[in-house]
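What follows is one structure encoded as structure tokens, with my remarks underneath.
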DNA sequence: CGTACTTATATAAGTTGGCTATACATTTAC
DNA sequence: GTAAATGTATAGCCAACTTATATAAGTACG
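Residue numbers (this note's numbering), protein chains in the order written: chain V, 3 to 163; chain E, 3 to 163.
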């Protein structure tokens with residue numbers, strides 16, 4: 003069988019399994035505390051990447067977000083219609099577009115982040131102090147984990163099967 | 003303005019802001035490491051809730067997942083078609099259906115969890131030991147945080163608290 | 001107990017955000 | 001200078017939500 007992945011409260015089998023359950027539930031929890039009207043996850047993640055790392059090509063963004071190139075074309079189109087990004091010609095390649103975040107985009111990101119941080123602050127106020135400290139102490143680890151290179155685990159592209 | 007949510011690496015303004023950024027990126031990261039074909043987040047979260055807490059009504063599940071009642075009817079229909087849940091009459095209320103997880107559903111949950119834990123194990127192996135320990139130490143805190151009552155932050159309609 | 005209100009779920013129709021397949025434009029190789 | 005490769009866009013499809021509404025069952029009160 004497994005080692006804690008069952009139905010009940012996550013037993014700690016030594017770590018990974020319980021952490022995995024916790025992260026899985028965290029993903030749903032983050033969705034639940036996000037107001038409905040907000041821009042979708044892929045678009046915001048893309049915008050965040052552009053703000054953090056500078057202009058990038060559509061196809062690079064698609065690879066980074068693990069969606070198809072036409073999918074990313076759509077994301078960029080929507081972001082551009084909202085005024086959050088601009089397409090610019092790539093000086094070194096006439097086929098490519100460099101997607102650049104605008105000031106409006108940065109403003110939106112900041113506002114969204116502030117709103118989410120406020121919600122988080124409220125929710126985190128409901129748990130015991132030692133748990134709160136454990137979470138805050140994990141910030142650096144989370145940042146490092148999620149920054150880890152794409153590094154295909156194996157899945158995602160075997161569609162031709 | 004904000005308190006550290008600006009450009010650059012997450013400065014620690016006391017914590018919440020950097021943690022919020024990290025969690026936001028974590029949500030996208032979890033999506034990226036999830037194979038495309040997998041069942042959607044809402045359905046899996048619903049299945050997990052049923053497995054962890056027992057049979058529930060459609061409308062209660064909808065409130066829990068913060069989607070509309072017709073939306074949850076659709077989720078349950080799909081889960082039932084996959085054989086993961088069953089609709090049963092509520093003995094105390096002829097209008098309501100009690101949604102119950104099946105053995106097939108539990109098996110699927112366990113398999114999915116094992117697969118995700120394996121990916122997490124690999125990814126977590128890439129970060130330094132102290133970060134890994136910090137993450138594992140936050141498992142309980144994450145579980146507690148995400149178990150926190152729905153508690154409407156402000157948007158959408160009022161859930162029956 | 002019958003009529004009106006309320007509540008639980010289902011259905012209908014529309015929107016959104018992804019997908020595959022393919023067209024188009026440009027760059028690269030020979 | 002053509003042919004193949006590459007970056008983006010378009011077309012058409014589908015899944016998973018949304019709101020509005022219909023149906024059926026419970027509840028309250030004359």
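Think of the CB as a built atom: it goes at the ideal place given N, C-alpha and C, for glycine as much as any other residue.
Nothing here was measured: the structure is a model prediction, and the numbers come from that model.
Original post:
If you draw a straight line from the C-alpha of residue 79 of chain E to the C-alpha of residue 23 of chain E, how long is it?
Top reply: 35 Å
Original post:
Leaving out the 5 sequence neighbours to the left and right, which residues in its chain are closer than 6 Å to residue 21 of chain V when beta-carbon positions are compared?
Top reply: none
**OP:** Could you work out which residues of chain V lie near residue 100 of chain E, taking near to mean beta carbons separated by less than 9 Å?
**Re:** What residue 100 of chain E touches in chain V: nothing, since even the nearest Cβ is about 17 Å away.
Subject >> Nearest-angstrom beta carbon gap, residue 103 of chain V and residue 77 of chain V [assumed within contact, 8 Å] >> reply: Residue 77 of chain V to residue 103 of chain V, Cβ: 13 Å. No contact.
**OP:** Identify the contact partners of residue 131 of chain V in chain E, using a Cβ-Cβ distance below 7 Å as the criterion.
**Re:** Those do not exist, as residue 131 of chain V stays about 10 Å from chain E at its closest Cβ, beyond 7 Å.
**OP:** Return no unless some Cβ of chain V is closer than 9 Å to the Cβ of residue 20 of chain E.
**Re:** yes
**OP:** Assuming residue 89 of chain E contacts residue 82 of chain E (C-beta within less than 8 Å), just tell me the rounded distance between them.
**Re:** 6 Å
**OP:** Flag residue 156 of chain E as yes if its beta-carbon sits less than 9 Å from any beta-carbon of chain V, otherwise no.
**Re:** Bear in mind that the predicted position of residue 156 of chain E carries a pLDDT of just 37, short of 50, making it too unreliable to give a figure here.
Original post:
For residue 71 of chain E, is the classification buried or exposed, using 16 other Cβ atoms within 10 angstroms of its Cβ as the cut-off for buried?
Top reply: exposed
Original post:
Given that residue 138 of chain V touches chain E, what residues does it touch there, using C-beta distances under 7 Å?
Top reply: 17 and 21
Original post:
At a Cβ threshold of 9 Å, is residue 142 of chain E touching chain V?
Top reply: yes
Subject >> Proximal residues, the stretch 75 to 86 of chain E versus chain V, C-beta separation under 7 Å >> reply: none
Original post:
Looking only at C-alpha atoms, which of V/29, V/93 and V/101 sits nearest to residue 49 of chain V?
Top reply: V/101
Subject >> Delimiting residues of the alpha helix (DSSP H) encompassing residue 56 of chain V >> reply: Premise fails: residue 56 of chain V is in no alpha helix (DSSP H) and is neither H nor E.
Original post:
Run through DSSP, which three-state label would residue 112 of chain E get?
Top reply: helix
Subject >> Best match in E/133, E/130 and E/147 for proximity to residue 128 of chain V [C-alpha to C-alpha] >> reply: E/147
Original post:
How many Å lie between residue 131 of chain E and residue 98 of chain E at the Cα?
Top reply: 50 Å
Original post:
Can the beta-carbon of residue 33 of chain V be found less than 9 Å from the beta-carbon of residue 64 of chain E?
Top reply: no
Original post:
Is there a Cβ from chain E that is less than 9 Å from the Cβ of residue 14 of chain V?
Top reply: Low per-residue confidence applies at residue 14 of chain V: pLDDT is 49, beneath 50, and the placement is therefore not dependable, though the value from the model is reported in the following sentence. So, interface residue.
**OP:** Look up residue 93 of chain E in the DSSP assignment and say whether it is helix, strand or coil.
**Re:** coil
Subject >> C-beta atoms of residue 136 of chain E and residue 149 of chain V nearer than 9 Å >> reply: no
Original post:
How many whole angstroms separate the CB atoms of residue 87 of chain V and residue 107 of chain V, which I take to be in contact at a CB cut-off of 8 Å?
Top reply: 6 Å
Original post:
For residue 118 of chain E, does the three-state DSSP call read helix, strand or coil?
Top reply: helix
Original post:
Thinking C-alpha only, which one of E/18, E/122 and E/59 is nearest residue 95 of chain E?
Top reply: E/59
Original post:
Quick one: is residue 173 of chain V near chain E, going by C-beta distance under 9 Å?
Top reply: Any property of residue 173 of chain V remains undetermined from this structure, which presents chain V solely from 3 to 163.
Subject >> Residue environment, residue 142 of chain E, which counts as buried when at least 16 other CB atoms sit within 10 Å >> reply: buried
Original post:
Of all Cβ atoms in chain E, is any one closer than 9 Å to the Cβ of residue 61 of chain V?
Top reply: no
Subject >> Per-residue contacts from residue 43 of chain E into chain V (C-beta, under 7 Å) >> reply: 29, 30 and 33
Original post:
Based on the DSSP output, what are the partners of residue 103 of chain V in its beta bridges?
Top reply: V/87
Original post:
Beta-carbon of residue 58 of chain E versus every beta-carbon of chain V: anything under 9 Å?
Top reply: no
Original post:
How many angstroms separate the CA atom of residue 62 of chain E from the CA atom of residue 51 of chain E?
Top reply: 11 Å
Original post:
residue 67 of chain V versus chain E: which residues are under 8 Å apart at the beta carbon?
Top reply: 30 and 34
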